[in-house]
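Per this note's numbering, the sequence shown starts with residue 1, numbered consecutively.
Cβ coordinates follow ideal geometry from the N, Cα and C atoms, glycine included.
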Amino acid sequence: MNNLNVVNSTSNGKLSFVEKFSYGIGDFASNLMWGVIGSFLLYFYTDVALIPVAATGTIFLVSRVLDAFIDPVIGGFIDRTNSKWGRTKPYIMFGIIPLCVFFILSFTTISADASFKVMYAYLTYIIAGILYSVVNIPYGALMPLMTRNLDDKAQLSSFRMLGMALGNILVTALTMPLVNLLGAGNQQRGFLLTTILFAVIGFISFMIISKNCKERYLEVGSVSHEKISVIETYKAALKNGPWVSTIIFSLLMFIKIGAFVSITIFFCLQVLHNPAMISILLPLMYASMLVSAAIATPVIKKFRHRNANIIGTAVYALSFCLMPLFVGNQTVFIAIYFFGNILGGVSSGSVFGMIADSVDYNEWKFGKRSEGTLYAGYSFATKVGMAVGGALVGYALAFVGYNAANVTPSAVKAINILFYGIPVGCSVLQILSILFYKLDKTHPQIVEELNNKRNA
1 MNNLNVVNST SNGKLSFVEK FSYGIGDFAS NLMWGVIGSF LLYFYTDVAL IPVAATGTIF
61 LVSRVLDAFI DPVIGGFIDR TNSKWGRTKP YIMFGIIPLC VFFILSFTTI SADASFKVMY
121 AYLTYIIAGI LYSVVNIPYG ALMPLMTRNL DDKAQLSSFR MLGMALGNIL VTALTMPLVN
181 LLGAGNQQRG FLLTTILFAV IGFISFMIIS KNCKERYLEV GSVSHEKISV IETYKAALKN
241 GPWVSTIIFS LLMFIKIGAF VSITIFFCLQ VLHNPAMISI LLPLMYASML VSAAIATPVI
301 KKFRHRNANI IGTAVYALSF CLMPLFVGNQ TVFIAIYFFG NILGGVSSGS VFGMIADSVD
361 YNEWKFGKRS EGTLYAGYSF ATKVGMAVGG ALVGYALAFV GYNAANVTPS AVKAINILFY
421 GIPVGCSVLQ ILSILFYKLD KTHPQIVEEL NNKRNA
């Protein structure tokens with residue numbers, strides 16, 4: 001039988017506030033760096049680095065697909081790691097510096113011809129994406145190693161969601177002002193100095209995680225040194241019903257987010273004819289996560305993951321059904337939108353706890369925790385979902401013949417339908433997928449049996 005290396009937290013077995021707060025800093029740092037890439041790299045390529053527009057789409061598509069399929073490999077390596085620093089810490093400690101370097105290089109302008117600039121963009125973006133996975137997948141896999149307590153997991157998810165929201169808010173609010181301030185009119189210099197600043201914050205944040213977050217439930221002697229087979233690893237993972245349900249739920253969630261972020265700009269410009277609403281709706285989506293983070297723990301504690309997600313997602317869908325009725329009243333329209341996002345945002349944090357519970361289930365059912373593999377699946381769902389969501393909007397607009405120079409009534413109608421229809425449609429599918437998540441009632445018993453085996 002595998003021995004379990006256990007490190008005590010506090011006297012009552014609960015995680016301390018410092019450890020929970022430190023864990024949440026990780027998502028703040030992740031979104032501070034990767035949020036800049038997601039929000040501003042296209043603009044940097046086309047308007048600052050002067051890379052041909054036609055090449056940028058292929059750069060993003062090829063890099064994102066390649067990066068997504070590397071995630072399972074990284075997860076497999078994590079599951080087979082047993083070092084003096086633990087299972088996840090080595091990747092965080094030794095991966096964060098290269099990540100910071102390539103994050104900065106991605107926003108560094110070089111003097112070269114167009115073809116070399118494209119090659120440079122491919123190289124830096126692909127490597128930055130891989131290194132982000134090297135750091136972020138073990139960061140996610142750290143949670144089930146820290147605690148098996150349901151309340152602690154819910155609170156860790158809330159802190160993580162809080163960090164995610166703050167990171168995204170700061171990125172959207174401060175990046176361009178910092179570029180203009182630090183660059184003093186030179187955007188090439190401004191982007192370079194801004195990314196250096198964000199990279200330093202990211203490095204410090206992940207060092208805080210390495211120092212304060214402890215791996216308590218690490219199986220000693222369970223690490224396999226067999227050749228890594230991604231296919232076999234995921235064949236086994238697909239037998240984990242709660243994990244499959246969570247991954248499908250997460251995939252649909254990120255398709256919804258990716259599509260919504262893309263279509264909102266067109267909706268504000270072509271339907272509302274109010275460009276200022278772009279700067280209201282998108283930041284409010286992230287601001288609502290701050291409230292979601294505050295209510296997620298008590299909501300999940302009362303209703304558990306499955307029912308909390310059903311309620312929150314249903315309210316979110318209902319809000320998008322009501323919003324068209326008040327499109328002429330901006331105040332009511334925004335209020336309904338904000339309230340719906342608050343309840344819908346509970347699911348953004350709860351999925352972390354659901355995957356952590358799925359890790360416990362995996363150990364109980366199959367004898368292996370496989371934290372890296374299971375969290376790599378979530379990372380895969382994130383990247384593929386965002387890519388599919390954005391592509392879905394692009395294909396839909398192309399289908400109706402959207403032309404920015406001559407926007408037809410049919411194109412406006414299609415944008416309107418997409419803005420309301422995608423959030424509602426994806427939410428309905430999310431609810432159907434989460435109906436198959438049946439771990440809430442059995443998880444306490446599973447944890448008790450695992451603890452009994454450990455203490456035997």
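Three-state class that DSSP yields for G345 in the structure shown = For the purposes of this step, residue 345 is taken as the residue at position 345 of the sequence shown. If DSSP states are grouped into helix, strand and coil, G345 belongs with coil.
Only counting runs of 4 or more residues, tell me where the alpha helix (DSSP H) segments fall wholly within the region 93 to 149, in order along the chain.
-> Runs of the alpha helix (DSSP H) inside the region 93 to 149: 114 to 146.
Using alpha carbons as the reference points, say which of Y234, A317, V135, N309 lies closest to V351.
-> Residue numbering aside, residue 351 sits at position 351 when the sequence shown is read from its first letter. When each option's Cα is compared against that of V351, the closest is N309.
Is it a yes or a no for the region 192 to 204 touching the region 28 to 44, going by three-plus beta-carbon pairs under 8 Å?
-> The answer is yes - the region 28 to 44 touches the region 192 to 204, with three or more Cβ pairs under 8 Å.
Just the Cα atoms here: how many angstroms apart are Y45 and I51?
-> Translated into the one-based positions of the sequence shown, residue 45 becomes position 45. Translated into the one-based positions of the sequence shown, residue 51 becomes position 51. Across the structure, Y45 and I51 are spaced so that their CA atoms are roughly 5 Å apart.
Endpoints, alpha helix (DSSP H) assigned at I431 | The count along the sequence shown starts at 1 and reaches residue 431 at position 431. That run of the alpha helix (DSSP H) goes 409 to 434.
Pick from T313, I342, G425, S427: whose alpha carbon is nearest that of L162?
-> Taking the first residue of the sequence shown as 1, we reach residue 162 at position 162. The closest CA to that of L162, considering only T313, I342, G425, S427, is found on I342.
Among the residues of its own chain, which have a CB less than 6 Å from the CB of K441, if the five just before and after it don't count?
-> Along the sequence shown, read from residue 1 onward, the residue named residue 441 stands at position 441. Here K441 has no same chain residue with a Cβ atom under 6 Å from its own Cβ, once five neighbours each way along the sequence are excluded.
Just mark A276 as buried or exposed, buried being the case when its beta carbon has 16 or more other beta carbons within 10 Å.
-> For the purposes of this step, residue 276 is taken as the residue at position 276 of the sequence shown. A276 should be labelled exposed.
Which whole-angstrom value describes the C-beta separation of I126 and G75, a residue pair presumed to lie in contact below a C-beta threshold of 8 Å?
-> Your numbering for residue 126 matches position 126 in the sequence shown. Your numbering for residue 75 matches position 75 in the sequence shown. For I126 against G75, the beta-carbon gap comes to about 18 Å, at or over 8 Å, which does not count as contact.
8 Å CB neighbourhood of Y122 in its chain, flanking five on each side removed | Numbered from 1 along the sequence shown, position 122 holds the residue referred to as residue 122. Once the five neighbours on either side are set aside, the close Cβ partners of Y122 are I59, V62, S63.
Under 8 Å between C-beta atoms of K20 and F159 = Start at 1 with the first residue of the sequence shown, and residue 20 comes out as number 20. Start at 1 with the first residue of the sequence shown, and residue 159 comes out as number 159. Going by C-beta atoms, K20 is nearer than 8 Å to F159.
Length of the line joining the Cα atoms of L439 and S358 | Within the sequence shown, the letter at position 439 stands for residue 439. Within the sequence shown, the letter at position 358 stands for residue 358. Rounded to whole angstroms, the gap between the alpha carbons of L439 and S358 is 8 Å.
Cβ of S133 within 8 Å of Cβ of S370?
-> The residue you call residue 133 lines up with position 133 of the sequence shown. The residue you call residue 370 lines up with position 370 of the sequence shown. The Cβ atoms of S133 and S370 lie no closer than 8 Å to each other.
Leaving out five residues before and five after A259 in sequence, what residues of the same chain have Cβ atoms less than 6 Å from its Cβ?
-> Locating residue 259 in the sequence shown gives position 259, counting from the first residue. These residues qualify, in order along the chain: G389, L392, V393, I422.
Among G377, L66, N452, which residue has its Cα nearest to the Cα of N141?
-> Stepping through the sequence shown from its first residue, residue 141 is reached at position 141. Inspection of the sequence shows that residue 141 is occupied by Ala rather than by Asn. Nearest C-alpha to A141: G377.
Entirely within the region 41 to 72 and at least 4 residues each: give me those alpha helix (DSSP H) ranges in chain order.
-> List check, alpha helix (DSSP H) in window: nothing returned.
List the endpoints of the continuous alpha helix (DSSP H) containing P283.
-> As a position in the sequence shown, residue 283 is number 283, starting the count at 1. Here the alpha helix (DSSP H) through P283 covers 278 to 322.
Assuming H305 and D360 form a contact by the criterion Cβ under 8 Å, report the distance between their Cβ atoms to the nearest whole angstrom.
-> To locate residue 305, count along the sequence shown from 1; it is residue 305. To locate residue 360, count along the sequence shown from 1; it is residue 360. In fact, because the Cβ distance is near 13 Å, the residues do not count as touching under 8 Å.
Does the separation of the CB atoms of S288 and V346 fall below 8 Å?
-> Numbered from its first residue, the sequence shown carries residue 288 at position 288. Numbered from its first residue, the sequence shown carries residue 346 at position 346. Their beta carbons are not under 8 Å apart, which means S288 does not touch V346 by this criterion.
Minimum C-alpha distance to E449 - residue among W364, V407, V271, M386 = Here the question's residue 449 lines up with position 449 in the sequence shown. Checking every option, the nearest Cα to that of E449 belongs to W364.
Reducing DSSP to helix, strand and coil, say where P275 ends up.
-> What you label residue 275 is simply residue 275 of the sequence shown in a count that begins at 1. In the structure shown, P275 sits in a helix (DSSP, three-state: H, G or I).
Where do the N-terminal and C-terminal ends of the alpha helix (DSSP H) with L392 fall, by residue?
-> Within the sequence shown, numbered from 1, the residue matching residue 392 stands at position 392. Residue range 371 to 399 is occupied by the alpha helix (DSSP H) that includes L392.
Look at the alpha carbon of N212 and the alpha carbon of W85, and state the distance between them as a whole number of angstroms.
-> Start at 1 with the first residue of the sequence shown, and residue 212 comes out as number 212. Start at 1 with the first residue of the sequence shown, and residue 85 comes out as number 85. Near 13 Å, if we compare the C-alpha coordinates of W85 and N212.
Where G35 falls: helix, strand or coil (DSSP) | For the purposes of this step, residue 35 is taken as the residue at position 35 of the sequence shown. Secondary structure of G35 (DSSP, three-state): helix.
Relative to the C-alpha of C426, which residue among P409, N452, S250 is closest?
-> Sequence index remark: in the sequence shown, residue 426 carries index 426 (1-based). Nearest option by C-alpha distance: S250.
Buried or exposed by the 16-neighbour rule on C-beta atoms within 10 Å, applied to N362 = Within the sequence shown, numbered from 1, the residue matching residue 362 stands at position 362. Buried, by the Cβ-count rule.
Using alpha carbons as the reference points, say which of A114, S157, A29 lies closest to L170.
-> One-based indexing of the sequence shown puts residue 170 at position 170. Nearest option by C-alpha distance: A29.
Go through its chain and collect everything with a Cβ distance to L281's Cβ below 8 Å, but skip five positions before and after it.
-> Counting from 1 along the sequence shown, the entry for residue 281 is found at position 281. Same-chain partners within the cutoff: T264, C268, I334, Y337.
Confirm, please, whether the CB-CB distance from G385 to M253 is below 8 Å.
-> Here residue 253 refers to the residue found at position 253 when the sequence shown is read from its first residue. Here residue 385 refers to the residue found at position 385 when the sequence shown is read from its first residue. Result yes, Cβ atoms of M253 and G385 sit closer than 8 Å.
Helix, strand or coil: how does DSSP classify G24 here?
-> Working through the sequence shown from its first residue, we reach residue 24 at position 24. Collapsing the DSSP output to three states places G24 in a helix.
Since I believe T56 is in contact with L66 (beta carbons under 8 Å), could you give me their beta-carbon distance rounded to a whole number of angstroms?
-> Within the sequence shown, the letter at position 66 stands for residue 66. Within the sequence shown, the letter at position 56 stands for residue 56. Your pair L66 and T56 does not check out as a contact, with CB atoms roughly 16 Å apart and the cut at 8 Å.
Beta-carbon spacing of L131, M143 below 8 Å = As a working note, residue 131 is residue 131 in the sequence shown. As a working note, residue 143 is residue 143 in the sequence shown. No, Cβ-Cβ distance for L131 and M143 is not below 8 Å.
From which residue to which residue does the alpha helix (DSSP H) around F203 run?
-> Here residue 203 corresponds to residue number 203 of the sequence shown, with the count starting at 1. That run of the alpha helix (DSSP H) goes 187 to 212.
DSSP state of G221, grouped into three classes?
-> Within the sequence shown, residue 221 is the residue found at index 221, counting from 1. A caution first: G221 carries a pLDDT of 49, below 50, which makes its placement in the model too unreliable to give a value.
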